[in-house]
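This is the structure:
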């Protein structure tokens, strides 16, 4: 990958959100993670052991939806200094299969139907204050918010021409996909008996249990991201708007951070009991691509989409006395993220 400064040319033009034009914008974002066990094997003392759910299956899906309205209240030097951000809707749901059973749950989202006023303190840090709706019990949900549009993180700095490219740092990826706000919008609940009690229903049933940890979204927040953006078109019609189009390519790979072990089956791996040895190998690979459309007339992004594949592999060995066991799990999945921005009709 080449640094952006090397590729930018003086004959190009700047692509950045014009906050002098921006008054109020509705932003609708949907993120979908799917995962499925494509291979599972277990041996005890070198002999294969049949799993009750077979070699595959164990699918899971997470869906997260955010609808927000950003209103620019004050500006300073062409940048927003006070924003009213109304979260009209924040929803998170999941469904996980285990054998013939499906466990469905919904995430509690305390900031749904809450309006925040975001401003800058004397040191230039963003502070958030609830001006409409219920005050969250956890003040941490008011941290990490930004005055600017999330998609600004994918835009280049300086002048640029068609065909130019620039690197996307890990921080920019987290910001653009709103993964940096995941803990505020979709806070993790305290762990409960996710596989029993009220949350446990048969196929097609809906339980009242909360979603536990170890989710695919957690992997995306922990991933070691690398990315590249390319300006592929200076003029393209997108729903009636003449737009600059930017191609996005993202990838991440490395060792998985192991979940907290509780001696039971977690979301996507058979969890080892106390005293078991750590996994011999536990890795992930993510490959994503997509595009962003930026309207010069509106002076802001109008839509974005990113999708791709996820692969995780875990190999575990454990022994007790003269007995030994190995467990191998391969899971594959998809990621789909879409965002649409529209002027607010008031």
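Numbering (our numbering), first residue to last: 2 to 347. Glycine included, C-beta positions come from ideal geometry on N, C-alpha and C.
Under the three-state reduction of DSSP output, residue 64 falls in the strand class.
Secondary structure at residue 108: coil, using DSSP grouped into helix, strand and coil.
With a contact defined as Cβ atoms closer than 8 Å, residue 312 and residue 286 qualify at about 5 Å. DSSP, read as helix, strand or coil, puts residue 71 in strand.
Secondary structure of residue 121 (DSSP, three-state): strand. In this structure residue 323 is exposed. Its beta-carbon is surrounded by fewer than 16 other beta-carbon atoms within 10 angstroms. If the five residues before and after residue 237 are omitted, its C-beta is found closer than 6 Å to the C-beta atoms of 244, 246, all from its own chain and listed in chain order.
The three-state secondary structure of residue 288, taken from DSSP, is strand. Considered as a whole, the region 144–196 harbours 171–177, 183–186 as its complete alpha helix (DSSP H) runs of no fewer than 4 residues, in chain order. Each residue's CA atom was taken as its position, placing residue 92 and residue 310 some 23 Å apart. Of all alpha-carbon atoms in 331, 166, 186, the one lying nearest the alpha-carbon of residue 248 is that of 166. In this structure, 34 is the residue among 34, 132, 16, 73 with its C-alpha nearest to the C-alpha of residue 64. Under the three-state reduction of DSSP, residue 344 is assigned to strand. Annotation for residue 331: 39, 40, 314 place their beta carbon closer than 6 Å to its own, counting only its chain and skipping 5 residues before and after. By the criterion of a C-beta distance shorter than 6 Å, residue 19 is surrounded in its chain by 300, once the five residues flanking it on both sides are discounted. In the structure shown, residue 140 adopts helical secondary structure according to DSSP, grouped into three states. Apart from sequence neighbours up to five positions away, the residues of its chain that approach residue 66 with a beta-carbon distance below 6 Å are 31, 92, ordered along the chain. The Cβ-Cβ distance between residue 17 and residue 158 falls below 9 Å. Taking the Cα positions, residue 69 is about 32 Å away from residue 258. Residue 90 counts as exposed, since fewer than 16 other C-beta atoms from the protein chains shown sit within 10 angstroms of its C-beta. For residue 226, the closest of 97, 125, 160, 174 by C-alpha to C-alpha distance is 174. For residue 258, there is no enclosing alpha helix (DSSP H), as DSSP marks it with neither H nor E. The beta carbon of residue 52 sits closer than 7 Å to those of 41, 43, all from its chain and outside the five residues before and after it, given in chain order. By alpha-carbon distance to residue 146, the top candidate from 153, 138, 133, 128 is 128. Contact between residue 106 and residue 61 fails: their C-beta atoms lie close to 11 Å from each other, not under 8 Å.
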